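In this text, residue positions in the sequence shown follow this note's numbering: the first is 10, and each later residue adds one. Virtual Cβ for every residue (Gly too), placed ideally from N, Cα, C. The structure displayed is predicted, hence computed values, not measured ones.
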Amino acid sequence: MNETSATSASGLSLLPDGIATLTAIHFTIIAVVAILVVIGLLWGIKAKRSRVKASRDVIANAEEAGVPPAPVDSDDQRATTPAPAPVEQRKAEQSQTQTRTVAPAPAPPPPPIERVSPVPATPTPARADPSPAIAPTVQPPAEIKAPPTPVDTPVSSPAFADGPVTQLKGLGPKVATQLGALGVTTVGEMAALSESEAQSIDAQLGNFTGRMGRDRWIEQARLLAAGDKAGFEAIFGKL
């Protein structure tokens, strides 16, 4: 028993004093390296997923915008199969044979034309006119009268005043219907509105409120009711 204890004690004494510490340091370094490797693998997987997601987002955005996505390089896409040369050569020969122009056959010679000798005409004796020649009377050309210049018939002011309000610029049939329901159907009735009456009617036009002032319906109506067509067209354009 004492010999065994002595032997084990002598074996332990042969090991250096710091071997246990070095072994612990080595295991710690190995563990740290392993952890770093695992972190690097996880980071690479995450980066790859991010790239794949970004490329999908780019393709989706391009499809939504109507722009064709950029082609992705791959071994299958890079490999191009050249078209067989004999087929192209046959197509070229066929096209050449089709485009060749066929020379037209020579036309047959025309039949000989028989010449007919002209028959001499027998001269007719001139008849003596016993009556003396009468010189024809030349009549002077009739004077051509120029067509009368059309004159614009002036339209009287009552014609404009009694006309519908659709003669005014910017006033269509829908607004005319609403104005008719409010008692304004003619240009004269529009021209006779006071400022307060015009504001009251304009406020009842719904979606067309404000058009009476912007399009100057009262001013247009007063010019037409006064028969001042020239003044109307100078400001608001041709009637």
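When DSSP states are grouped into helix, strand and coil, T195 belongs to the strand group. In the DSSP assignment, P173 is bridged to T195.
DSSP places S205 in the helix class (H, G or I) of the three-state scheme. Around the Cβ of L188, a 10 Å sphere holds 16 or more other Cβ atoms; the residue is buried. Under the three-state reduction of DSSP output, G215 falls in the helix class. In the DSSP annotation of this structure, the continuous segment of the alpha helix (DSSP H) that includes L31 starts and ends at 28 to 74. Where R231 is concerned, the enclosing alpha helix (DSSP H) starts and stops at 226 to 234. Annotation for K238: the continuous alpha helix (DSSP H) segment containing it runs 238 to 245. Take T218, set aside five residues on each side of it, and the residues of its chain with a beta-carbon closer than 8 Å to its own are D211, A212, in chain order. In the three-state DSSP reduction, K178 falls in the coil class, being neither helix nor strand. A Cβ-Cβ distance of about 7 Å is found for the pair D224 and L180, placing them in contact under the 8 Å criterion. Contact check for L233 against V184 fails: the beta carbons are separated by 8 Å or more.
Taking all protein chains shown into account, V193 has 16 or more neighbouring C-beta atoms within 10 Å of its C-beta and is therefore buried. One Cα belongs to V41, the other to A74, and the distance between them is close to 49 Å. Just measuring C-alpha positions, the residue of G215, M221, S203 sitting nearest T175 is M221. Cα atoms of G246 and E206: separation of roughly 27 Å, rounded to the nearest angstrom. In the structure shown, the three-state DSSP call for L248 is coil.
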